[in-house]
Every structure is written in structure tokens, then in C-alpha cells.
Amino acid sequence: MTEQLDALDPAFGSVPGYLSLERQHETPLADDDVRRRIREDLDASLFVEAAAGAGKTTALVSRIVSLVGAGRGELQNMVAVTYTHRAAGEMKLRLRRDIEEARIASIDPEVSDRFVRAIRQLEVARIGTIHSVCADLLRERPLEAGVDPLFRMSADSEASRLLDQAFDSWFQEVLRDPPAGVRRVLGRRPRRLPGSAWRLEGPRQELQDAVRKLSEHRDFSSPWQRSAAFDYPATMDRVLELLHELSDFADLKPRYSNRHIGALLTDVRGRVKELEARGAGRSPAPESIETMTRELLWEGKKWDRRGHGKWFDEAKSRTLEEVKGRRDEIHEELVRLMEAAEADLAALLREELRPAVDAYEELKSREGVLDFVDLLLKTRNLIRDDALIRSDLQARFTHYFVDEFQDTDPLQAEILLLLTADDPEETDARRVTPASGKLFVVGDPKQSIYSFRRADVRIYEEIKGRLSRCGMHVVQLSTSFRSVPAIQGVVNASFSEAIQRAEDGSQPAYVSLEKFREGTEGQPAAIALPAPHIYSEKWGGRALYTISASYADAVGAFVRWLVEESGWKVTEPGRPDRLVDLRYRHVCILSRRLQSQYAEVMRPYVQAFESREVPHVLVGGKGFHDREEVLALRNALQAIEWPDDALSVYATLKGPFLSFTDSQILAFRHRYGSLHPLAVAGMDLEQREDPETSDPVDPSADDRDLADALSMLASLHRGRNRHPIAHTISQFLSAVRAHAGLANWRAGEQVLANCLRVVDRARAFEKDGGTSFRAFVELLEDEASRGEGEEAPIVEEGTEGVRIMSVHKAKGLEFPVVILADPTNRLTFSNPSRYVDPERRLWAEPLCGAVPQDVLDHQEDEAAHDRAEAVRVTYVAATRARDLLVLPAVGEGDELTGWAESLNPAIYPRSGARRSPALEGEQLPGCPPLGDQSVLAAQRRADPPPGGPDDIAVKPGLHRSRAGTEVVWWDPSVFELDVAPATGLREQEILAADEDELVSTAGVQAYEEWRETRRTTTEAGARPEATLVTVRAMAARRTQGPDLSAPDGNGRPPEAADGRSREATAPEVRHLPRPDGGRPSGARFGELVHRSLAAVDLTAPPNDIRNVVDLQARLLGAQPEESAAARIAVEHVLADPLLIRAASHGDGVTAYREVPVFLREENGEIVEGVVDLTFRESGSTEGGAHWTVVEFKTDYEVEGALPLYMEQVAIYVRAIEKAVGEEARGVLLVI
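Residue numbers for the sequence shown follow the working numbering, beginning at 5 and rising by one.
Here you go:
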């Protein structure tokens, strides 16, 4: 129940609600008795375990409604704890709906009154996350809790800023005399990732990350195990001795087949010599030996080379087995010694970094800030240590409801148990017995997947067992309202085997999903989508990287076929009997991860969608700073901050925002000598001389454009610290017209949202105390180097687009179609990530890459726990699907292993049946004609399969899996694969070889065509299609002289549409009476009268007129005398016969006020203005229907401007006539 994982967003998926389905179902459900007990057994405390889609939250809401209706409690005295803020909002909506339905259905007035009272109490009811409940309790008792009465919750960004600030202060101090553990880390060099050109952060960043880890788990106070017998210097001496022994083998001359082993030996000798050389005759420092050995062991692949043949160096009679055997022995001992050294380092660091965590605590306290851990710790301490408060809370709140209990961490569980205890004196949550009927818990241990957020399924199982022994009843909900039977069959067949109850509670027992809804006829519900290409083009064997890339392309093609061509139908939540056309928003791509240590995993899927113009959104992806538009914007911000940085200036000019070509940039640099924004900003291009001929330079249009761009950067540089950061960024985006340009990119909505997210990030940065524009630019660069930052979420409910998200983000949601992605991702890592013992208050995890001894001692157990959770992640992913589940597969060779391997029994056919699909020769309903191979022919192996029938490629079609389920194996050849992605420069192989010059020749030709097209487009774009002119400007032009642009050149407008002369259409001028003693005048008074006439009812009495005028006067800041004069003026206008006619709605009159009008003249100009009042009369004594156009004027002296005003009215008359096609007359009403 963590605030950070706010996943229940209906914009990204559907949040189910199943109570109405339960009521509508005619036949009894398999768990009807349990559901009835939840609603009716109100005196018992219940622990409800519910399968995926079984309606956990719905059951909780139904119990609250039953308690209210039975008079067992007031809603204001109940506490409901949900998983996220959005889940709390959803629960309130459901509760309001169900209470209202129950009130309408009730025939007992007393019961109805209870429901009415509950609705009134809904907004004050304690329904929220555990953190919000804790915050409310702390605000009630701040002094007793020891917190600032005006404390505020820190956002993630503020908490991170405070932690960084605390670390910086601590780090500066510790550098003066580093303790032993910190000194060992400071001696390290940054590690280079294999296959990557960039480096990991250095030791400072490693220490900062370690402090962050310790701060998140600071409530686990037990120290880590450290051996008193460990001798660090002696250990490092032994390590150096082993490396010397290994380096002696470098004198041997290996055969070519053993060259890789020889390369390792030579590398070891070189490193040892380098180490000793740095010592200048002294023994190497232990820290240097440790750093060098870590680097050697990090390059693990060098140590597993096996070699070939008998001899390693035949001339010296050294066999391969001899050398290799000793190498392996030394490697094994090095690993053991380094594990001991790093276990010692981890324990040292935990203690040495505590002052940095304490500094963070002090900083928060000084600023009156609490983070999420503080909320839990302070609340737990308050309840546990203050008997009076504990007793008061236990008496005040009569019922507690806990949703998603499997995601509860130890602190949260302790708080909830203490609040529900039947004994006010009990302070140990482990001995608590909940009061009868006070506690209602719902959860699903099979969906416990947040161990990295402190949740532990073992705690769940331990508390469940303890509460059961105390008399709390454990019941099961097994009917799943979500998935069709075929999907339920896949899930049950796979996980009844994969999820088995563990004795230590690390894996719960499996509960099968029970059927509720029927499947959809004429279309499959479970599809195995094989990767089209599985063999490496380089060496011919099966390659995981080939499978990953090929499967992503197949997913993109399949989704497009599914939506555009299949004609399949799906259901939406709450309406399982209503089929709707499949749309992109119904599809969700789920992966266990979105980003690896090396790259953004989902980028190939995004490219597959972009190349096929499939709308999509990546929810929560960490590739924000790798997006081309964000990188371009960061370059621009660097150029603004550092105009001396020529590379950033060049990248900005060349990038997508300005798009100058290399030839334009280099030509400008050659002619004018500089690309420095500040130098160019003050340069007169006309006065420059050619550096070669000394002739005056005639600046081209490109030169002027480039100079304008550099001047714009210079202007932003000068004002960057005088204006808000967000204002400077917005100015840049506006200057380059980015909003319109970015919106036309592929996935333009996402692109624009990402740029605007940078603007929002700037606002948040300043709000959190950011100091300068430079600090913000450096923050963005730091986030980019660390791979932080999620893409901007742009999806709103109902918006089209495939959702791409992690399983952890999707938990609690459901989708009509779910496709599992990233199939080659491993199920678990080789090393466990932590060891947690809640009883001992111990949380041990690697710090700076050093694994604590506690983790090493429990390595096998923790690895089993990690594997169990990985299986549960797959279960959560598979149970998100309603109508279609698409599973990854490979059609030939061994079954695919990875994070989704638990589903293999329900995917792969039985032994010997790979080429024997059911209904062979028949076309499957809803499917295109399927071919003969699930691996593309071009990728098939030339040699026959060596391993028997299970190595034969699966034939596409309907298969019965090993587990007995039916699954359709797809044929990837029915798609258009390998569609070229439309990517930016960042993702193109710009320097790829072009030996035949075919690509380069075509590129030159394409460039010339583009250049010509650009020239003609630029010229055409420089000519405006239309010029906007205001009515007043046009009237002034016509009254002050001839209009040469008019057709007759005399400045006179043409005749009216019906041929009437100009004199016949001249407006009538009417003067209303004015006070004898004069009145106010000026622009503000005129605006006040116009606003009042636009807002007042045309038949308003004097009191209403007064109210309208007074309101407008307050808005304009008018003086009292202006307000009084305006009231008189408005009264005179409304009393005029003309306005009385306009107000007579019942006599065929239609009146409009403040009407925008546009009039296109014959010369292309567009005249725009706003008509004060116009009304249509359906008939008159003079003829048929006609319009009257009224213009109000409040000038003190109107005679001098009368020709201008009459011309304005004449233009308005013409505009109305052209718009409606009927006669119009003008009136100038001088008020």
C-alpha cells in the first residue's frame, strides 16, 4: 500500500467493479455462501482471500453497506485502507452508488435514514491510503507524536532534494578523513558496462545511492553481521599472491585455440604490474588490490573460456587441463575472498553512512517535512507508546477495512493490528487479538509482487495464521468475473503447478479461478505468438537478442492486424454481455520491466508501433531523457545557459527545433566568423566583409534566419535568471513554434507532452527551492546520466492508444487484450537482492555492490523467494486479460525460458504433436489462413533437427497443450514484418558502411529533391494567404483616403448584396439623453457600459441592472461615480424602443450580443470584429425578415469620429448580410 505505485488510473486501464454482475447472475456462484457471509455475518472478523478478478474491493464495499444498513456502525467511525489515492476515490464512488441504491431499495424508513446519514458522512469518512490515515492521526496529535503541528508531506522530488543536500554536506565533511569503508569505495574507478560507450557513476554516486537505500529502510535498526576474525590487509595480501601466481602463466605461449585463456593471463599480469608500478617500490595498498580484483572479476566472461586440445604450451609441456584447472581454482578462491571482503565492507558502510541518514532526518525536522517512512514510524510509535491515545483511537473507530493486504509492509501491519486490538493495554502487535467484528481484511497472496516496496508475502501468511488462531475466520472467493473460460484454463493449468504452498510462507497455496462468463464465439481467447526470427544472422545459432527484436516486430504487426483487420469483438468492464469493436485502447502490452541496465527494453515495441502508425503510450517508461525531443530541448537549454559551448549551440541549430543544415551553419560560420549567440546578437550583417575577398557580404535569407536564431538564444541567455525557468523554456518553445511542429511528429501528442513535462519539471524545481537556471539544467543532465525520468502520461479515459506498461503498474487493472512482452527477460537474477527478517528488525541489501554476509548466508532461501515472487508477477500479468491473452513463444527447438516460462505448460503442444494441430486443413474461426511454419523459412536451419520431435517447428493452428488447454499457434508470415521504423537521428546508424555507394547516391538525390521542395515551400510559406484587419482599422483606412487595394480604387465598399446603394444602406444615428451635469468618460467607462449591456437581461428591472453594473465595476476597478453613471446609461439604452424590439423574444425576434464576425474582402484581406448587438425580426410592414445591427458608443464628443463609426457599422452590416444571406440595417446608438 505505497503512495509511489499509484497504478489504479482508469486512463491506463479499467478498474473493475463486480457487484452489479454478482446481483444479475441468475445461477448460484461457486462461492455464493462466502459472499453472503461477507454481507451478513457482521459480528465476525473476516480474512478474505480472493482470486484475481473475484471482486475483492466489491466485497469490502458490500460489507460496509451492510453494516450501515444494519445500524452496526456510523460511516464516520469506520476506517477503510486502500492501496492508492485513486483506489480510495474509486471506493468512495462505489460506496456512494451502492448506499444510494440500498436507500432506494429500502422500505424501512429507519434504514433509509441510516443510508441518508451515511451519504452525508462520506466525505469525512476515513477512506484512503494507510499514509493518508496516518497523516490525519498525526495532525490530530502532533505534539504527542513529536512532529511539527504544521508539518507537510514531502513529494518525491522534495525528499530527493533534501536527501541530496544532506549527503552533500556529509560528503564534504567525510572527505577530510574518510573512514575505512568509505575509503575503500572512494578508491574505485567507474565501471564500464559491457557493450556500452558510457560509464556507470563513480564512487560518489555509489555512496549516494547507498545512503538513499538506508534512508528508505531506516526503521530496520539491527546492524549487519560482521566477522570479528576477518583481517582485511591479510586477505588482500592473499589475493595479490594468487594474482601473482596466475600472472606467471602469462610466460607461456598458448596455441591459437586457447588464445582467450592466454589473453586473460596477459591481462592479469599487466594489471599486477600496473598496480606495483603505482606503489613506487612500496607494497600496494589493500584498497588498490581490492579495486583491481573487483574489475577483473567483473569481467566474468573472461574466466569461463574452455579452450581446445591437449596442450596449452606444448614447447614447455604445459597442458590445457593443468593451466585451466589452476585458473579455475584461483578464480574460485578469489571469489570467496572477495565475497568475505565485500561482506565486511557492506557492514562497515551501513554504520559509516548512518550520519548521512541522520543529517537527512535533521534537515527534514528543521523544515517541518515528513516522508512516507516518517508517517508510518511516527504513527506506530504514537499508538504503541501512548496508552491514552491508543485507547481513544480503539474506542472511536468501530470498524477497520483493509484492501490489498498482501501489499502491506511490517510497519503498516503493526499499526492496523494495534488499532483493532480488543485489549487496550496490549502494545505488542504480535500478541494482538482483534475485537470481534472489528477487522475485515481482503487480499490475494498470489498477487504479492511488491517486495522491493517492503511488502512480504511471508508476513501476510504469518499474520493470517496468527489471526486465524485468534478466532478470525479465513474465507475464499474463487469466482472470477474477469476472464473468459479459455484464459482461466490457461491460468489454472499453468499456476496450479507453478504456485505451490511453501512451508516458510514464501509462496501461498493456489486457488483456482472459477468460471463466471462465457467466451466469445468465432475468435480465439489464447494465442501463442511465435518470434518470426530466432537464429542469429552472424553465427547461426538461436540467439536471445534476435528473438527479442523479432518478437517486438511481430507484436507491432499483430496489434495492427488485430484492430484494423480482424473484426474481433471484446467486452468492457461492467458490461460482459455487450460486445464492442476492438480498438487500440483495449490492448495492453505487459512486461516485467521497462528498462534494463543497458537500455530501454520497450523501445523496440514503440518503434514497431511508430513504423505502423499505431497509436500508443508508454506508461511509466524511464526513457524520458532518451527521447529525441527531450534531448534536443536539453541541448537548447545548455546553449542558453552556456553560449560558449559551441557543441550545444551547434546541436541546437542542427536539431529538430531549428533544423538548419550543415551547409547553412558552416557557410554562416565562414562568412561571419562566429556562431557565438552573444557575438552574433550585436552584429550588423550588412557591414561584414568576406574574410577571403574583403568584399562586403550580402547576407542571404538563410544567414538572416540563422542570425535570428542565435540572437534568440542570446536574448534568452540574458534573461534566464530574471524570469522563471519555466517562462524561459516556454519562450524558447514559442519562438521556434514547437507546439505546432512537434504535434505533427509521429506520436506527436506524446512528443509534445514530453516537452511540456520539462516545463512542468521546471515549475516544480523552483517550487521546491531551486536556485537558478543553471542548477535546473544540471539537474536534467544528472537525471539523464542516471536514467531517471518517466515519459509524460498523456492518456485520458477513452483516449485511443495501445498501453505499454509494467506488470507492477498494471496491477489492479484489466484490459480486453493483454500481450506479454520481453519474453527473454530472465525469471530471476543470479544473486538475491536482499534479506529481510522482520522479527529481528533486519533489512540487509547490497551497498555499493558489496553484498552483506546476512544475504550470503541466506542466498539459497532468498533466491527461492525471488523465484516465487517472479512466478506471482507472471500470474498477475496473465490475469489482467478479459477476452484475449497473447503469449510469447518460439516455434522451434527448446521451449522459451524467461519471466513468462511458468505459462509454458499451457503454450507448447504435447511431445510429438508439434506438427499435428486440431482441425488441420480447416481455417480457424476468426483467423486468417495460417501457413505451415511458425519460424520463417529464411530463418530455418539447413541441418535437420538433432533432438527429435520436440525440435521440429510447431505448425500453426489450434493445439492442445501439455497441460490440456487449447491455444492457437499463430503464423507470423501473415503479417507485414520488418517495416522500417521512422526514427530520429539518435537511433539511426549514420556511419554504416556503404561500399557500393548505392545508399549515398540515393541520399544525394533525395537531398537535392528535399532542398528544392524546401525552397519552394519556404517561398510559398512566406506569402500570407490572408491578412487580418480589424474593423476599426479598415474603417479608418476608408474614411481617411482612397483604398488602392479595393477593386475600384476609390476606397468605397461595393454595394449591398441586394444591389442597394451606399446611401440606402447608411446606418441610422440615434442619440440617447445624457445627464445635464456631465458624466465620466474614457476607456474604462466605455468598457463598463459595454460589459454591462452584454451581461444584463434586456428586460431587467432597475435592481437587476444595478447588480450587474456593480459586479462589472468591481471587476474593472471602476470608481463609484462611474458605476452610477453607467447604471443610468444602461437604463436609457434598455428603455429605447430599439432595445425593446430586440427584447421581444415571443414575436419572432432572435437577438445576439457580442457576436464575432469575419468578412473576407475581394483582395484577400479578412476583416474581423465584434458586433455589440444584432437581432432578427421575422417580418415587418416594410417587407420580409431582416436584421438590425446596433453599435454602442459612449464617447464624450462623438461628432469628430462620426464618419469613422458609421463606416464601422456599415462593415458590420455587410458582414451580417453575407453570413445570413438576408437584408441588414445598421444603427449607431450614441449613449
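Here a beta-carbon is modelled for each residue, glycine too, at the ideal position from N, C-alpha and C. As the structure is a computational prediction, the values presented were derived from the model and not from experiment.
**Q.** Helix, strand or coil at Pro-1046 [DSSP, three-state]
**A.** Note on Pro-1046: pLDDT 47, under 50, position unreliable in the model; the coordinate value appears next. Correct three-state label for Pro-1046: coil.
Q) Under a three-way DSSP split, which group does Arg-130 fall into? A) strand
**Q.** At least 3 beta-carbon pairs within less than 8 angstroms: the stretch 79-88 vs the stretch 900-915
**A.** no
**Q.** C-beta atoms of Pro-359 and Leu-981 nearer than 7 angstroms
**A.** no
Q.
Which residue wins for smallest C-alpha separation from Glu-501, given the options Ala-139, Ala-350 and Arg-966?
A. Arg-966
**Q.** Same chain, Cβ closer than 7 angstroms to Cys-852, neighbours up to 5 away in sequence not counted
**A.** Val-189, Glu-210, Leu-211, Ala-214 and Leu-353
Q. Val-1231 to Pro-1160, Cα distance in whole Å?
A. 18 angstroms
(Q) Quick check on Cys-759: buried or exposed, where buried means 16 or more other Cβ atoms within 10 Å of its Cβ? (A) buried
Q) In chain order, what residues of the same chain lie with their CB nearer than 8 angstroms to the CB of Asp-699, ignoring the 5 residues before and after it? A) Glu-693
Q) Between which two residues does the beta strand (DSSP E) containing Arg-1164 stretch? A) 1153-1164
Q: Decide yes or no for the touch test of the stretch 1013-1029 against the stretch 591-598: beta carbon pairs closer than 8 angstroms, at least 3 of them.
A: no
Q. In angstroms, rounded to a whole number, what distance separates the CA positions of Ile-1215 and Ser-1085?
A. 26 angstroms
Q: Please classify His-1190: does DSSP put it in a helix, a strand, or coil?
A: strand
Q. Start and end of the beta strand (DSSP E) containing Gly-961?
A. 961-964
(Q) Between which residues of its own chain and Arg-192 is the CB-CB distance below 6 angstroms, once the five residues before and five after are set aside? (A) Pro-207 and Thr-295
Q: Decide if Val-821 is buried, meaning its Cβ has at least 16 other Cβ atoms within 10 Å, or exposed.
A: buried
Q: Report buried or exposed for Tyr-1200, applying the criterion of at least 16 other Cβ atoms within 10 angstroms of its Cβ.
A: exposed
Q: Pull up the CB-CB distance for Leu-1238 and Arg-394, whole angstroms please, since I reckon it's below 8 angstroms.
A: Shown here, the chain extends from 5 to 1235; a query on residue 1238 therefore has no answer.
Q: Please work out which residues of its chain come closer than 7 angstroms, Cβ to Cβ, to Glu-1226, disregarding the five sequence neighbours upstream and downstream, and give them in chain order.
A: Ala-1189, His-1190 and Trp-1191
Q.
Can you look up Asp-1101 in the DSSP assignment and give me helix, strand or coil?
A. coil
**Q.** Option in Leu-662, His-680, Val-618 and Glu-617 with minimal Cα separation from Trp-646
**A.** His-680
Q) Given a threshold of 16 other Cβ atoms within 10 Å of its Cβ, counted over all protein chains shown, does Ala-946 qualify as buried or as exposed? A) Residue placement at Ala-946 is flagged as unreliable, the pLDDT there being 44, under the threshold of 50; the coordinate-derived value follows with that caveat. So Ala-946 ends up on the exposed side.
Q: Give every residue of the same chain whose Cβ lies closer than 7 angstroms to the Cβ of Ser-510, excluding the five residues on either side of it in the sequence, and list them in chain order.
A: Val-461, Arg-462, Ala-868, His-869 and Ala-872
Q. Can you name, in chain order, every residue of its own chain whose Cβ lies under 6 angstroms from the Cβ of Phe-119, other than the five neighbours on each side?
A. Ile-103, Ala-106 and Arg-107
(Q) Under 8 angstroms: do the stretch 734-745 and the stretch 125-138 share three or more Cβ pairs, one atom per stretch? (A) no
Q) Which value, in whole angstroms, describes the spacing of the CA atoms of Pro-198 and Pro-932? A) No answer about Pro-198 holds up, because its pLDDT of 42 lies below 50 and its placement is not dependable.
Q: May I ask you to report which of helix, strand or coil DSSP gives Lys-257?
A: coil
Q: Using three-state DSSP, classify Arg-331 as helix, strand or coil.
A: helix
Q | Classification of Gln-857 by the beta-carbon crowding that lies within 10 angstroms, buried from 16 upward | A | buried
Q. Using 8 angstroms as the threshold, is the stretch 41-60 in touch with the stretch 436-446, meaning 3 or more CB pairs across them?
A. yes
Q: Compute the Euclidean distance between the alpha carbons of Ser-498 and Ala-530, then round it to the nearest angstrom.
A: 13 angstroms
Q | Helix, strand or coil at Ser-810 according to DSSP, with G and I counted as helix | A | strand
Q.
Using 8 angstroms for Cβ pairs, my map puts Val-559 next to Ala-612. What's the rounded Cβ distance?
A. 6 angstroms
Q: Report the residue from Ile-491, Arg-76 and Met-82 whose alpha carbon sits nearest the alpha carbon of Glu-970.
A: Ile-491
Q. The beta strand (DSSP E) spanning Tyr-609 covers which residue range?
A. Element bounds for Tyr-609: not the beta strand (DSSP E) but the alpha helix (DSSP H), 607-615.
Q: Would you grab the beta carbon distance between Thr-878 and Trp-903 for me? Rounded to a whole angstrom, and I think it's under 8 angstroms.
A: 6 angstroms
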